[in-house]
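The block underneath contains the structure these notes are about, expressed in structure tokens.
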Amino acid sequence: SRATLFDAENKVKITFSDVAGLDEAKEEIKEIVDYLKSADKFKKLGAKIPKGALLIGPPGTGKTLLAKAVAGEAGVPFFSLSGSDFVEMFVGVGAARVRDLFKQAKEKAPCIIFIDEIDAIGRSRGRGAMPGANDERENTLNSLLVEMDGFATDSGIIILAATNRPDVLDSALLRPGRFDRQISVDKPDVIGREAIFRVHLKPLSLNEDVDVQKLAVQTPGFAGAEIANVCNEAALIAARRNRDSVTMQDFQDAMDRVIGGLEKKNKLISPEE
Ligand code: ATP
170 SRATLFDAEN KVKITFSDVA GLDEAKEEIK EIVDYLKSAD KFKKLGAKIP KGALLIGPPG
230 TGKTLLAKAV AGEAGVPFFS LSGSDFVEMF VGVGAARVRD LFKQAKEKAP CIIFIDEIDA
290 IGRSRGRGAM PGANDERENT LNSLLVEMDG FATDSGIIIL AATNRPDVLD SALLRPGRFD
350 RQISVDKPDV IGREAIFRVH LKPLSLNEDV DVQKLAVQTP GFAGAEIANV CNEAALIAAR
410 RNRDSVTMQD FQDAMDRVIG GLEKKNKLIS PEE
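This is the structure:
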């Protein structure tokens with residue numbers, strides 16, 4: 170059905186206060202909020218507003234969250250689709266979907282278009298992993314390039330895309346006038362993890378023995394998504410134990426569980442061991 174072609178959110182509630190750490194990325198992406206809110210200021214001076222920015226970083230580090238926060242801060246609609254949805258698609262469907270997306274976005278401008286896992290569409294042409302699926306992927310990529318070139322820089326549409334594989338992207342995507350801005354969204358250091366914990370601890374009823382700094386120290390290598398996961402897992406464990414607040418012990422057990430899950434996932438990825 171048409172409803173599944175892509176997602177559209179008219180009223181985004183997420184703002185920068187939901188995004189912890191990532192100070193540099195936030196600073197860079199704030200410019201885009203400004204472009205969306207005060208396009209006239211730029212137009213008057215003859216400045217060309219960038220069409221797109223690429224958010225680069227490992228899974229779960231907050232790329233989607235950051236893109237949504239831009240829409241939330243600017244008060245504009247958020248259109249999104251995921252590159253991986255295009256992998257198995259009938260001939261012509263991917264390209265048609267992209268055209269449809271831009272058509273609707275133009276009607277709703279100013280707005281954000283977010284393309285998650287753009288590497289699934291935007292792999293450099295002629296080196297895709299899946300034989301047969303390639304032609305259709307290339308059609309989709311070509312239609313994306315055509316659409317990006319086809320709207321004026323002052324049309325109020327800004328395209329954000331996320332990837333953890335910038336190395337495989339077709340260089341055509343990175344040309345000026347397309348995704349000419351790159352913003353890195355890295356895994357958090359201990360200070361960043363503490364800030365992310367604080368965001369996700371807020372809704373929980375915490376026992377007074379919970380030590381946020383300790384939690385941050387004990388979770389090296391965790392991305393924001395895993396920290397969010399630990400916090401919810403700890404609350405679930407506490408509920409199962411019929412506690413009226415979440416204790417440090419619940420967090421310890423939640424961390425063990427999340428680490429266990431990560432190890433299992435890594436084993437599946439690298440069978441030599
Ligand atoms: P993927 O590449 O897997 O799509 P992503 O980088 O887009 O991942 P998000 O989907 O934005 O990651 O993050 C998943 C969830 O993890 C968020 O909804 C949020 O709950 C939490 N999270 C991730 N990073 C942060 C952060 N910096 N601050 C607060 N929460 C975060």
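All residue numbers for the sequence shown refer to the UniProt record's numbering, where the first residue is 170 and numbers rise by one. Think of the CB as a built atom: it goes at the ideal place given N, C-alpha and C, for glycine as much as any other residue.
**Min CB distance Lys-436 to chain B below 8 Å** = Looking at the structure shown, chain B is missing, and only one protein chain is on hand.
**Message:** Along the chain, where does the beta strand (DSSP E) containing Gly-221 start, and where does it finish?
**Reply:** 221–225
**Message:** Using a Cβ-based criterion (distance less than 7 Å to any ligand heavy atom), does Thr-230 qualify as near ligand 1?
**Reply:** yes
**Item:** The alpha helix (DSSP H) enclosing Asp-380, as first and last residue numbers
**Value:** Careful: Asp-380 lies outside any alpha helix (DSSP H) and carries neither H nor E.
**Asked** Nearest-angstrom Cα distance between Asp-419 and Glu-193?
**Response** For the pair Asp-419 and Glu-193, the Cα-to-Cα distance works out to about 33 Å.
**Asked** What does Ser-353 pair with, by DSSP beta-bridge criteria?
**Response** Ile-225
**Prompt:** Buried or exposed: which applies to Ala-216, given that a residue is buried once 16 or more other Cβ atoms fall within 10 Å of its Cβ?
**Reply:** exposed
**Whether Asn-376 touches Ser-414 by CB criterion (8 Å)** = yes
**Asked** Quick one: does the C-beta of Ala-189 sit closer than 7 Å to a heavy atom of ligand 1?
**Response** yes
**Prompt:** Quick one: does the C-beta of Thr-233 sit closer than 7 Å to a heavy atom of ligand 1?
**Reply:** At a cut-off of 7 Å, the beta-carbon of Thr-233 counts as near ligand 1: some heavy atom of the ligand is closer than that.
**Message:** Bridge partners for Asp-285 per DSSP, in chain order?
**Reply:** Asp-285 is bridged to Ser-251.
**Request:** Determine the direct distance from the alpha carbon of Ser-249 to that of Asp-269, and round the result to whole angstroms.
**Result:** 12 Å
**Prompt:** Residue range of the beta strand (DSSP E) that Ile-326 falls in?
**Reply:** 326–332
**Request:** Name, in chain order, the residues that DSSP records as bridge partners for Glu-178.
**Result:** Note: Glu-178 sits in a beta bridge opposite Phe-247.
**Message:** Measuring straight from C-alpha to C-alpha, what distance separates Gly-190 and Ile-360?
**Reply:** Each residue's alpha carbon lies about 8 Å from the other.
**Prompt:** If Glu-241 and Thr-184 are in contact, beta carbons under 8 Å, what's the gap, nearest whole angstrom?
**Reply:** Sequence inspection shows Gly at residue 241; the Glu mentioned does not correspond to that position. Contact flag correct, Cβ pair sits at about 5 Å.
**Request:** Give the straight-line distance between the Cα atoms of Arg-410 and Glu-197, rounded to the nearest whole angstrom.
**Result:** Their backbone Cα atoms lie some 44 Å apart in a straight line.
**Request:** Tell me Arg-292's beta-bridge partners as DSSP assigns them.
**Result:** BP columns for Arg-292 point to Leu-338.
**Item:** Within 8 Å, strictly: CB atoms of Ile-352 and Ile-282
**Value:** Annotated as distal: Ile-352 and Ile-282, with beta-carbon spacing of 8 Å or more.
**Message:** Can you tell me whether Ala-222 is buried or exposed? The criterion is at least 16 other CB atoms within 10 Å of its CB, across all chains shown.
**Reply:** buried
**Item:** Local Cβ density within 10 Å of Val-315, reported as buried at 16 or more and exposed below that
**Value:** Answer is exposed; the Cβ neighbour count stays below 16.
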